[in-house]
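Enquirer:
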Amino acid sequence: RKEVEQDPGPFNVPEGATVAFNCTYSNSASQSFFWYRQDCRKEPKLLMSVYSSGNEDGRFTAQLNRASQYISLLIRDSKLSDSATYLCVVNSKAGSYQLTFGKGTKLSVIP
Amino acid sequence: GAGVSQTPSNKVTEKGKYVELRCDPISGHTALYWYRQSLGQGPEFLIYFQGTGAADDSGLPNDRFFAVRPEGSVSTLKIQRTERGDSAVYLCASSLSVGQGTDTQYFGPGTRLTVL
């Protein structure tokens, strides 16, 4: 089983739609969780950290379920500029600095 | 302010050659990381530096890969006897400190390595 698994996608959604990405991780000792965004042929950029209590940043909401080892990202009111690959990221060891990335889910927001 | 920079942006080499990839971290960042991203995959950890020392090189695929950071700032990833399977985007990241895995890692634009 891969350490971090994501929906394979791609997701093609119309502008204004709500879209949800799911991710599971295998290492129960993982402590830190993130969503990164990567545009085509660009570097990954931190979108948001994910906390147990859930957190929201504008149109983006991230949730973490430690018992199920499950992470989600919800994007409301999708914009064309949201088109990118979304990477689920976990620090692979407790107290670690190594980031383990999922393969990413590609989102295309269509006019 | 200036972000992480990497040079060259693209490198084409022939099988068996030696290559060096350079990373300039964000000024003041003590932690530096190298990752490799193959097509259709997420980045994979290679090595991590805290200051001048390689604190964890467990991600280096074999002994053809080596990285240095002699003055605790700029880092060079060195690949000997390149193979076609080494073709990938090599990403460098830096963070303010090691922390407990919570420090944000800022990525550079990467070096796209193609081995013919």
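The listed protein sequences derive, respectively, from chains G and D.
Going by our numbering, the first sequence opens with residue -9, and the numbers climb by one from there.
Going by our numbering, the second sequence opens with residue 497, and the numbers climb by one from there.
Virtual Cβ for every residue (Gly too), placed ideally from N, Cα, C.
1) Please state the DSSP three-state secondary structure of residue 528 (chain D).
2) May I ask you to list the residues that DSSP assigns as paired with residue 587 (chain D)?
3) Say whether chain G places a C-beta atom closer than 9 Å to the C-beta of residue 541 (chain D).
4) Using 10 angstroms around the beta-carbon of residue 95 (chain G), count the other beta-carbons present and answer buried if the total reaches 16, otherwise exposed.
5) Tell me which same chain residues have a C-beta within less than 7 Å of the C-beta of residue 562 (chain D), skipping the five on either side of it?
6) So for residue 47 (chain G), helix, strand or coil by DSSP?
7) Got a sec: is the Cβ-Cβ distance from residue 576 (chain D) to anything in chain G below 9 Å?
8) Please return the same chain residues whose Cβ sits closer than 7 Å to the Cβ of residue 582 (chain D), not counting the five positions on each side in sequence.
9) In the structure shown, what three-state DSSP assignment does residue 70 (chain G) receive?
10) Which residues does DSSP pair with residue 2 (chain G) in a beta bridge?
11) Looking at chain G, which residues of the stretch 523 to 538 of chain D have a Cβ within less than 9 Å of any of its Cβ atoms?
12) For residue 558 (chain D), does the count of other Cβ atoms within 10 angstroms reach 16, so buried, or fall short, so exposed?
13) Let me see if you follow: with CB-CB separation under 9 Å, is residue 90 (chain G) close to chain D or not?
14) Report all residues from its chain with a CB closer than 8 Å to the CB of residue 87 (chain G); omit the five preceding and five following residues, and keep chain order.
15) Going straight from the alpha carbon of residue 538 (chain D) to that of residue 91 (chain G), what length do you get?
16) Do residue 43 (chain G) and residue 12 (chain G) come within 9 Å of each other at the CB atom, strictly closer than that value?
17) Could you check how far apart the C-beta atoms of residue 26 (chain G) and residue 79 (chain G) are, in whole angstroms? I think they sit under 8 Å.
Expert: So, to answer that:
1) Three-state DSSP puts residue 528 (chain D) in a strand.
2) Residue 587 (chain D) is bridged by DSSP to D:531.
3) Proximity of residue 541 (chain D) to chain G, defined by a Cβ-Cβ separation below 9 Å, is satisfied.
4) Around the beta carbon of residue 95 (chain G), 16 or more other beta carbons lie within 10 angstroms, which makes this residue buried.
5) Closer than 7 Å at Cβ, skipping near neighbours: 574.
6) If DSSP states are grouped into helix, strand and coil, residue 47 (chain G) belongs with the strands.
7) No, residue 576 (chain D) lies away from the interface with chain G (no Cβ there is under 9 Å from its Cβ).
8) By the criterion of a C-beta distance shorter than 7 Å, residue 582 (chain D) is surrounded in its chain by 575, 609, 611, once the five residues flanking it on both sides are discounted.
9) Residue 70 (chain G) falls in the helix class under three-state DSSP.
10) Partner(s): G:98.
11) So the list reads 527, 529, 531, 533, 536, 537, 538, given in the order they occur along the chain.
12) Using a 10 angstroms sphere on the CB of residue 558 (chain D), the tally of other CB atoms stays under 16, which defines it as exposed.
13) Chain D contact via Cβ: present.
14) Correct list, in chain order: 81.
15) Those two C-alpha atoms are separated by around 5 Å.
16) No.
17) Sure, about 5 Å apart at Cβ, within 8 Å.
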